[in-house]
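Undergrad: Residue numbering for the sequence shown follows this note's numbering, beginning at 1011 and increasing consecutively.
Take a look at this one; I'll ask things after.
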Amino acid sequence: MSEEVYMRIPAGVPYSILVEAAEKFDLKIVELEVNVPPPTEDVYWRPRTLVLKGRRENLEKARVYIVKKLEERARELEGRSHR
């Protein structure tokens, strides 16, 4: 069995697309803390981000699927703006 790894999700990817990809490719949506260096000597800021977790080959398929879905959505929105 191959090791499970994480794939970062860029900001702005609709949650509905993440859920579709997770279900289609047997992945988990996980929320992780991220270390962000402070602008001063304050404490590190620790925002949360969503990642997909699963086998590398499934994550690669999910990445292609997510890009395809985002491109479809962009074309859909572009078509509406030309009306």
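For glycine and all other residues, C-beta sits at the position ideal for the given N, C-alpha and C.
Which residue marks the beginning of the alpha helix (DSSP H) containing GLU1051, and which one marks its end?
TA: No alpha helix (DSSP H) holds GLU1051; DSSP gives it neither H nor E.
Undergrad: Who pairs with LYS1038 in a beta bridge, going by DSSP?
TA: Paired residue(s): LYS1063.
Undergrad: Grab me the residues of GLU1030's own chain with a C-beta within less than 8 Å of its C-beta, minus the 5 sequence neighbours each way, in chain order.
TA: Taken in chain order, the residues that qualify are TYR1075 and LYS1079.
Undergrad: Given a cut-off of 9 Å on the beta-carbon distance, is the pair VAL1044 and ARG1058 in contact?
TA: Closer than 9 Å, so yes.
Undergrad: Given this structure, state the Cα-to-Cα distance separating GLU1082 from GLU1051, to the nearest angstrom.
TA: Using only the alpha carbons, I get a separation of about 44 Å.
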